[in-house]
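Quick note on the numbering used here: the sequence shown kicks off at 31 and runs consecutively.
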Amino acid sequence: MTALTTEAGPDRRPAAADPRPGEPDARPGRLREALRWGALRIVALAVLLAAWQAVVSAGVWPRVLVPSPGEVWRQFVLASTVHDGVRGVGGHLLIEHLGVSLGRIGTGSGYAVLAGVPLGLLIGTVRPVAVVLEPAVTFLRTLPPLAYLSLLVIWFGIDEAPKIWLLVIAALPPIAAATVAAVRTVPDQLVEAARALGSGPVSLLLSVRLPSALPEILTGVRIAVGVAYTSVVAAETINGVPGIGGMIRDAQRYNQTALVITGILAIGLSGIVLDALLRLVERLTVPWRGRA
Numbered sequence: 031m032t033a034l035t036t037e038a039g040p041d042r043r044p045a046a047a048d049p050r051p052g053e054p055d056a057r058p059g060r061l062r063e064a065l066r067w068g069a070l071r072i073v074a075l076a077v078l079l080a081a082w083q084a085v086v087s088a089g090v091w092p093r094v095l096v097p098s099p100g101e102v103w104r105q106f107v108l109a110s111t112v113h114d115g116v117r118g119v120g121g122h123l124l125i126e127h128l129g130v131s132l133g134r135i136g137t138g139s140g141y142a143v144l145a146g147v148p149l150g151l152l153i154g155t156v157r158p159v160a161v162v163l164e165p166a167v168t169f170l171r172t173l174p175p176l177a178y179l180s181l182l183v184i185w186f187g188i189d190e191a192p193k194i195w196l197l198v199i200a201a202l203p204p205i206a207a208a209t210v211a212a213v214r215t216v217p218d219q220l221v222e223a224a225r226a227l228g229s230g231p232v233s234l235l236l237s238v239r240l241p242s243a244l245p246e247i248l249t250g251v252r253i254a255v256g257v258a259y260t261s262v263v264a265a266e267t268i269n270g271v272p273g274i275g276g277m278i279r280d281a282q283r284y285n286q287t288a289l290v291i292t293g294i295l296a297i298g299l300s301g302i303v304l305d306a307l308l309r310l311v312e313r314l315t316v317p318w319r320g321r322a
């Protein structure tokens, strides 16, 4: 009996954690699956480029409207280098245009987070505040950025202020709305247990409601950054150079379709990278997401 008790004691690993001889390792299978999906994406991209080139070669549309992939690549190289004494586009390289726009997006989204999360917490927990401010948040969420850009230019001029304000106003409503929804869906059992342990309103908000709502809040932040990204071209239509939106706007004025497509691709690819970084932050910040 003593020997049996010793083997089954708490120091022994659970049977499920012990390696089983002959059982295949799951990691090679996961690696093969990742490679398979990666190959599928590469094939899909190759098919898209081939179809694009076929449409251009068939002359379905004039080349001034639909340039070839080679022309877009050439424009990308010209915009990213110094050629014939010309530095990129408008005196700035493509990476510099993109960096300025990303800085504006980061600033606007940062201010939106600082204002939107507390606003959402108040709306979600204080009924009078919700009655007064929730319709205002919904009103702002339905407005397209161009609807209030002209007003911001009248108020703040044509420098950086109207651009940042436009991105803040565009990014704040999704964050506030996600925070409100997350706070209101916190399980009542958690709230009642915290109250039984003596938590006051502030402690209840910071130690129970906010951690429970944090995964959905971070999802709202990701959505808000995407909204800010889609609004940056509108924000940079006024004195937006350097900036990727201003570069696209100037290229559109001179029918430089290849440069416009280059700017669009730069925005989309950088957006994918930015969203991947936000997903990583989400996994590191709220590792309990999706767990019971």
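The C-beta atom is built at its ideal place from N, Cα and C for all residues, glycine as well.
>> Given this structure, state the Cα-to-Cα distance separating F106 from L197, to the nearest angstrom.
In response: Looking up residue 106 in the sequence shown gives position 76. Looking up residue 197 in the sequence shown gives position 167. So the two alpha carbons sit approximately 27 Å from each other.
>> Can you check which of these residues, L310, G275 and L240, is closest to P217 by C-alpha distance?
In response: Indexing the sequence shown from 1 puts residue 217 at position 187. Residue L240 is the option with its Cα nearest to P217.
> Where does V112 sit, in a helix, a strand or coil, going by DSSP?
Replying inline: By 1-based counting over the sequence shown, the position of residue 112 is 82. In this structure, V112 counts as strand in the three-state DSSP scheme.
> In chain order, what residues of the same chain lie with their CB nearer than 7 Å to the CB of A276, ignoring the 5 residues before and after it?
Replying inline: Working through the sequence shown from its first residue, we reach residue 276 at position 246. Note on identity: in this sequence residue 276 is Gly, with Ala being the wrong assignment. For G276, where only same-chain residues beyond five positions count, the Cβ hits under 7 Å are E266 and G270.
> Where does R93 sit, in a helix, a strand or coil, going by DSSP?
Replying inline: What you label residue 93 is simply residue 63 of the sequence shown in a count that begins at 1. Three-state DSSP puts R93 in coil, outside helix and strand.
> Taking contact to mean at least 3 C-beta pairs separated by less than 8 Å, is the region 142-154 in contact with the region 163-174?
Replying inline: Counting Cβ pairs under 8 Å, three or more are found: they touch.
>> Going by C-alpha to C-alpha distance, which of T292, Y259 and G273 sits closest to V303?
In response: Numbered from its first residue, the sequence shown carries residue 303 at position 273. Residue Y259 is the option with its Cα nearest to V303.
>> Check whether the region 166-180 and the region 204-216 touch, using three or more Cβ-Cβ pairs below 8 Å as the test.
In response: yes
> Do A212 and I253 have their CB atoms nearer than 9 Å?
Replying inline: For the purposes of this step, residue 212 is taken as residue 182 along the sequence shown, with counting starting at 1. For the purposes of this step, residue 253 is taken as residue 223 along the sequence shown, with counting starting at 1. Their beta carbons are not under 9 Å apart, which means A212 does not touch I253 by this criterion.
> When you compare only the Cα positions, how much space is there between E312 and P148?
Replying inline: Against the sequence shown, residue 312 aligns to sequence position 282. Against the sequence shown, residue 148 aligns to sequence position 118. C-alpha separation (whole angstroms): 19 Å.
> What's the gap between the Cα of L244 and the Cα of P317?
Replying inline: Start at 1 with the first residue of the sequence shown, and residue 244 comes out as number 214. Start at 1 with the first residue of the sequence shown, and residue 317 comes out as number 287. One C-alpha to the other measures close to 11 Å.
>> Would S131 and I297 qualify as a contact pair, given that the criterion is a beta-carbon distance under 9 Å?
In response: The residue you call residue 131 lines up with position 101 of the sequence shown. The residue you call residue 297 lines up with position 267 of the sequence shown. Against a cut-off of 9 Å, the Cβ pair of I297 and S131 comes out as a contact.
> Excluding the five sequence neighbours on either side, which residues of its own chain have a C-beta within less than 6 Å of the C-beta of F186, listed in chain order?
Replying inline: Counting from 1 along the sequence shown, the entry for residue 186 is found at position 156. Result list for F186: P192, in chain order.
> Taking all protein chains shown into account, do 16 or more other C-beta atoms lie within 10 angstroms of the C-beta of E63, making it buried, or fewer, making it exposed?
Replying inline: As a first step, residue 63 must be located in the sequence shown, where it is residue number 33. E63 is exposed by the Cβ-count criterion.
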